[in-house]
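In full-length UniProt numbering, the protein residues as written are 1 to 584. Ideal Cβ positions, reconstructed from N, Cα and C, are used throughout, including at glycine. Notes follow once the structure below has been shown.
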């Protein structure tokens, strides 16, 4: 139960609703327990009339009064039961909402390395499946516990005061029922977990095949993929059957033990009535109803125990993430005005998850409004520079300065708000094209969206779609081509009008003519903005104020296009190669 202490703050938050819910539960069960006593009384009235101890007119009026009382008690009990579920179960939904938000907000502040170390499916499970199991503890488990305690307290008091010996015999099968249900519940939970894991694997396999359907068709491997799917599906079917076999035992066992209790009541109660130990035959009917009323709460003891165990395990998994501290923290409370000056002073960085040194002693200075182009082989550290400017990671050696301040002394949120970032692998959401562009500026007008799209040279493509800017994209923007995705991503960055614009090889999927037009537009709209372009193309770099060339995390060349194209080295070789390809 230690892990579940995390929920105490939520129970305290909704304490008044819970208290009202508990009181309503008690009242509902008290009224529900009027019914057995009144039914027993009605049978006693009939017995008295048959034996001649009660005249017909009085028997009729007494029976009618008792029936009306039974009906009234049932209506009141039903009403309060409805209110009970509306309070306690609603509280569990509020707690589920709050907990999901807490987990999601914590996910948002955790560093990039966290997401590299954890699978997306596992993160999704903790915010959905695990939180769902915790909700079952915060709602149904609490409700049925209160329900059981109230029923037992009131019912046993009534039963003992009426027939103590019969009560003892009646209660004998109930602990057995609780134990059996507990064991069955644990077995069901174990097999349910196996089924969930199997379904997760089946879903992951299916999703991957759907995402890569073009590759599957291209290589004509449909038959082998189908065979693998059939194997996974057969395994899942068997696990589902194993679960169903255990679940099939639940209600038959419950009905069996209820029947045993009823038989004991009829046999022992009937014998005591014959022997004169019980005065009225209505007592036997009353006890039969008590047994049926108490059976389900007793059965829920095992079920609730299982729920608590599952909730504790799930909350422990949730706490593991909530206890993780983000590596990147905002240490500056006051707002920081960003102008755009950037300086790297002997920066060395090694990725913590791979131990690969991406940068080694990198130094350069960029004044606000200047443009820097970074070139180099794949894996030379180009993208790492952009990640460090956005403070997705912190350096281990050296200093990065923004406007002459160490980057750690700049308000993290202001820094990121001032950056327009276009990643190498353009990521678009399953939303309209308009909303994907407005992601960079949520309050942007339609005119601003269109202007940004025109500057990114994607406007004509968009209006060519049937629904234009309202076209809803598929997962990860699959509706668009690679070049279109990159250009929408550029539009999303420039609509923000940031002080710092970071472009990570974002024109690799467009032709050189379109690239030239986009670069001219970018040069115009970002004339007063600090811009860093990562590219493999000389055409993207030639107009930059400064150019650096990286190799194995080190700067091997720096200068302008005019000086570097005449200097022996990587840049000149690339320039000559791309010029000859263009001429061809």
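Which partner residues of residue i appear in the DSSP bridge assignment?
{"i": "residue 531", "result": "371, 501"}
{"i": "residue 365", "result": "343"}
{"i": "residue 359", "result": "349"}
{"i": "residue 376", "result": "550"}
{"i": "residue 555", "result": "550"}
{"i": "residue 420", "result": "501"}
{"i": "residue 402", "result": "342, 405"}
Short of 6 Å in beta carbon distance, which residues of its chain neighbour residue i, apart from the five on each side in sequence? Order them along the chain.
{"i": "residue 393", "result": "387"}
{"i": "residue 521", "result": "455"}
{"i": "residue 112", "result": "392"}
{"i": "residue 401", "result": "343"}
{"i": "residue 208", "result": "none"}
{"i": "residue 424", "result": "504, 505"}
{"i": "residue 284", "result": "269"}
{"i": "residue 535", "result": "505, 541"}
{"i": "residue 432", "result": "470, 472"}
Identify the continuous beta strand (DSSP E) that holds residue i and give its terminal residues.
{"i": "residue 410", "result": "It is not in any beta strand (DSSP E) - residue 410 carries neither H nor E in the DSSP assignment."}
Please go through the same chain and pick out, in chain order, the residues whose beta-carbon is closer than 8 Å to the beta-carbon of residue i, but skip the five residues on each side of it.
{"i": "residue 590", "result": "Lying before the first or after the last residue shown, residue 590 is absent from the chain, which here runs from 1 to 584."}
{"i": "residue 481", "result": "509"}
{"i": "residue 262", "result": "288, 291, 292"}
{"i": "residue 322", "result": "6, 102, 103, 106"}
{"i": "residue 222", "result": "216"}
{"i": "residue 555", "result": "362, 363, 364, 548, 549"}
What are the start and end residues of the alpha helix (DSSP H) that includes residue i?
{"i": "residue 395", "result": "Careful: residue 395 lies outside any alpha helix (DSSP H) and carries neither H nor E."}
{"i": "residue 42", "result": "34-50"}
{"i": "residue 106", "result": "90-109"}
{"i": "residue 385", "result": "382-389"}
{"i": "residue 561", "result": "561-564"}
{"i": "residue 488", "result": "482-494"}
{"i": "residue 58", "result": "56-84"}
{"i": "residue 126", "result": "First-last for residue 126: undefined, no H or E at that position."}
{"i": "residue 512", "result": "512-525"}
{"i": "residue 132", "result": "131-136"}
{"i": "residue 112", "result": "112-117"}
{"i": "residue 539", "result": "538-541"}
{"i": "residue 13", "result": "8-13"}
Given residue i, which residues of its chain have a CB within under 7 Å of its CB, disregarding the five upstream and five downstream residues?
{"i": "residue 146", "result": "22, 25"}
{"i": "residue 303", "result": "181, 185"}
{"i": "residue 434", "result": "449, 469, 470"}
{"i": "residue 367", "result": "341"}
{"i": "residue 266", "result": "284"}
When you measure from the CB of residue i to every non-hydrogen atom of the ligand ADP, does any distance come out below 7 Å?
{"i": "residue 382", "result": "This structure simply doesn't include the ligand ADP, nor any ligand for that matter."}
*alpha helix (DSSP H) runs wholly inside the stretch 153-223, at least 4 long, in chain order*: 164-171, 173-211, 213-218
*Quick one: complete alpha helix (DSSP H) runs, 4+ long, within the stretch 422-475?*
433-438, 446-455, 459-463
_Three Cβ pairs or more, each shorter than 8 Å: is that satisfied between the stretch 395-404 and the stretch 562-578?_
no
*asked:* I'd like to know if the stretch 412-425 and the stretch 493-502 are in contact, where contact means that at least 3 CB-CB pairs between them fall below 8 Å.
replied: yes
*Is the stretch 150-167 in contact with the stretch 355-365, if contact means three or more CB pairs nearer than 8 Å?*
no
*Taking 8 Å as the threshold, find out whether the stretch 404-411 comes into contact with the stretch 328-337 through three or more Cβ pairs.*
yes
*asked:* For the stretch 305-313 against the stretch 130-144, do three or more pairs of beta-carbon atoms, one drawn from each stretch, fall closer than 8 Å, so that the two count as touching?
replied: yes
*Counting Cβ pairs, one atom from each stretch, are 3 or more of them under 8 Å apart for the stretch 80-99 and the stretch 47-67?*
no
_In chain order, each alpha helix (DSSP H) run of at least 4 residues that lies wholly inside the stretch 279-324_ = 282-322
*Check whether the stretch 139-156 touches the stretch 220-237, taking contact to mean three or more Cβ pairs, one atom from each stretch, closer than 8 Å.*
no
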